[in-house]
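Residue numbering for the sequence shown follows the numbering used here, beginning at 2 and increasing consecutively. Built from N, CA and C at the ideal position, the CB exists for glycine as well. If you're wondering where the values come from, they're calculated on a predicted model, not measured in any experiment.
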Amino acid sequence: MPAPASSRRRIGVLLVNLGTPDSPQTSDVRRYLNEFLTDGRVIDIPAAVRYPLFQGIVVPLRAPKSAKIYQQLWTERGSPLLYHGLDLQTKVQEQLGPEYVVAFGMRYQNPGVEKALQELRDAAVERIIVLPLFPQYAAASTGSVQEKVMEIVSKWWVVPSISFISTFTDDPGFIGTIVALGKEEMARHQYDHIVFSYHGIPERHILKGSHNGYCKLGSCCDTYNENNRYCYRAQCFETSRLVAAGLGLTPEQYTVSFQSRLGRDPWLKPYTDIALKDFPAKGIKNVLAFSPAFVADCLETTIEVGAEFKELFEEHGGEHWQLVPSLNSHPQWVQAVTEMLKRN
Numbered sequence: 002m003p004a005p006a007s008s009r010r011r012i013g014v015l016l017v018n019l020g021t022p023d024s025p026q027t028s029d030v031r032r033y034l035n036e037f038l039t040d041g042r043v044i045d046i047p048a049a050v051r052y053p054l055f056q057g058i059v060v061p062l063r064a065p066k067s068a069k070i071y072q073q074l075w076t077e078r079g080s081p082l083l084y085h086g087l088d089l090q091t092k093v094q095e096q097l098g099p100e101y102v103v104a105f106g107m108r109y110q111n112p113g114v115e116k117a118l119q120e121l122r123d124a125a126v127e128r129i130i131v132l133p134l135f136p137q138y139a140a141a142s143t144g145s146v147q148e149k150v151m152e153i154v155s156k157w158w159v160v161p162s163i164s165f166i167s168t169f170t171d172d173p174g175f176i177g178t179i180v181a182l183g184k185e186e187m188a189r190h191q192y193d194h195i196v197f198s199y200h201g202i203p204e205r206h207i208l209k210g211s212h213n214g215y216c217k218l219g220s221c222c223d224t225y226n227e228n229n230r231y232c233y234r235a236q237c238f239e240t241s242r243l244v245a246a247g248l249g250l251t252p253e254q255y256t257v258s259f260q261s262r263l264g265r266d267p268w269l270k271p272y273t274d275i276a277l278k279d280f281p282a283k284g285i286k287n288v289l290a291f292s293p294a295f296v297a298d299c300l301e302t303t304i305e306v307g308a309e310f311k312e313l314f315e316e317h318g319g320e321h322w323q324l325v326p327s328l329n330s331h332p333q334w335v336q337a338v339t340e341m342l343k344r345n
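The structure is reproduced here in structure tokens:
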């Protein structure tokens, strides 16, 4: 007979997303931005410059503006990034069953990674699988989560085996869910063009992480291989190629672009807000937009891509701009996450 569930050695799962303010009030947004923008992996400048610049100037100026945007995003359940994460946690736990313990945490603010790890520690799990919910690896997102987890567990007297799922750029379940959601939208309306808009990062981040100088910010991303497996730009293009293939698109029918840049240094190009202004003049009046760097709806998807880019597109002569919803806790995505974890 199988051993009772209570006596089995269980596997801990830690799902982690970026973070969200506790409320859309300016004080909470300021706290969130302070933690986020002083992370040395996000803003990779010396701490002696980073802290006074962002805590003393950037965050105080940005917080009130960001708070107004968060107020547009907030729902009765609170922040979408948070409740979609909690929904995913619940559904993945149901799929995995009692041999697993699934916890959810945010890299910045609440519920924190430390609290989530403590839940797994209290459950006396045999080992822990960490899944940062960022499809494409970047040092500023997945890398930051990994660093935080290692910092926390390094203080434990007993450290269990820990493994990380560092990227799921080309995971069939991830790609398949995006394709399914895209097909639903394409069945409702005819589109002239598809846009895959990813969160941008500074070009220097790509070059700093380049394997033996392979990355040139050009045709090196035309294929996805062992030399650029952890290049964020290459991963974005690979995800786009796979989704496009699933939707039956030719290279001419879609654009890969990047959003949410900050500061004056060059970020990954083309910039989405610049590219979409030229579409109407080229006869592209109906656009379907995807945000494949995000697995849950948030400010960057719902507000930036879904509302601000729509308004900008229409101002320049566009007729219809539609954002494909994020994966959130879609049943197909829950199954994909479950299978990823079991494989690990």
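Which residue from the options puts its Cα closest to that of residue i?
i	options	result
R78	D88, I70, K69	D88
Q72	T224, T27, E204	T27
R189	F310, W322, A308	W322
R122	K156, E95, S327	K156
P332	C221, T251, S258, V93	V93
A124	R262, G249, R10, S24	R10
D193	V59, E340, G284	G284
A337	L97, I44, F55, G319	L97
R262	D274, S330, E120, E115	D274
A282	G319, T91, V60	G319
K270	V114, I44, G201	G201
E152	D172, M341, V114, T76	V114
F295	F310, S330, Y272	S330
D29	R234, N111, Y52	N111
F259	R234, F280, R242, L248	R234
L248	V150, C222, E120, E185	E185
Residues in the same chain with beta-carbon distance under 6 Å from residue i, minus the five sequence neighbours each way, listed in chain order, please.
i	result
K278	H317
P3	For P3, the pLDDT reaches just 46, beneath the cut-off of 50, and the residue's location in the model is therefore unreliable, although a value from the coordinates is still provided. No residues qualify anywhere along the chain.
I163	I129
F314	L277, W322
P203	D266, W268
T21	S80, L82, L83
N228	H212, Y215
W334	T178, L328
Roughly how many angstroms lie between the CA atoms of residue i and residue j, to the nearest whole one?
i	j	result
A6	V103	Since pLDDT at A6 reaches only 47, below the 50 mark, its modelled position is unreliable, and no value is offered.
R31	K343	38 Å
R42	H206	9 Å
E312	W158	54 Å
L38	P25	17 Å
E100	T240	32 Å
G264	I46	12 Å
L1	M187	Outside the modelled stretch of the chain, which goes from 2 to 345, sits residue 1, for which no answer is possible.
K116	T91	17 Å
N345	E95	18 Å
A49	P136	32 Å
A246	G174	14 Å
L62	Q56	10 Å
T224	P252	14 Å
R69	E340	The amino acid at residue 69 is misidentified as Arg; the sequence shows Lys. In a straight line, the C-alpha of K69 is about 39 Å away from that of E340.
Q254	D23	40 Å
L218	R242	17 Å
Y272	E148	29 Å
E120	C221	43 Å
N226	V150	28 Å
Q236	P326	21 Å
L54	F105	32 Å
F310	L208	29 Å
Using a Cβ-Cβ cutoff of less than 8 Å, which residues in the same chain neighbour residue i once the five nearest sequence positions on both sides are dropped?
i	result
V244	I176, I179, V180, G183, F197, F291, P293
L74	P25, S80, P81, C299, L300, T303, I304
Y231	Y138, S167, T168, G210, H212
T76	Y84
Tell me, to the nearest whole angstrom, how far the beta carbon of residue i is from that of residue j; I am working on the premise that it is less than 8 Å.
i	j	result
L289	V306	Contact doesn't hold; Cβ gap of about 11 Å is too wide.
D40	S142	The pair is not a contact, with the Cβ atoms about 10 Å apart (cut-off 8 Å).
Y138	E36	Incorrect: roughly 21 Å between the Cβ atoms, too far for contact.
V154	L132	With a Cβ gap of about 16 Å, V154 and L132 do not count as contacting.
L34	S67	7 Å
G210	A308	Actually they do not touch by this definition, with Cβ atoms about 32 Å apart.
F238	V257	6 Å
I58	R51	Not a contact, Cβ separation roughly 11 Å.
Give me, in chain order, the residues of the same chain whose beta-carbon lies closer than 7 Å to that of residue i; leave out the 5 immediate sequence neighbours on both sides.
i	result
Q191	N287
N18	L82, G86, M107, L134, A297
V126	R11, I12, G13, V102, P161
P65	T27
V60	R31, L34, N35, L38
D172	A337, M341
Does the count of Cβ pairs from the segment 162–177 and the segment 197–208 closer than 8 Å reach three? Contact between the segment 162–177 and the segment 197–208 is absent: fewer than 3 CB-CB pairs across the two stretches fall below 8 Å.
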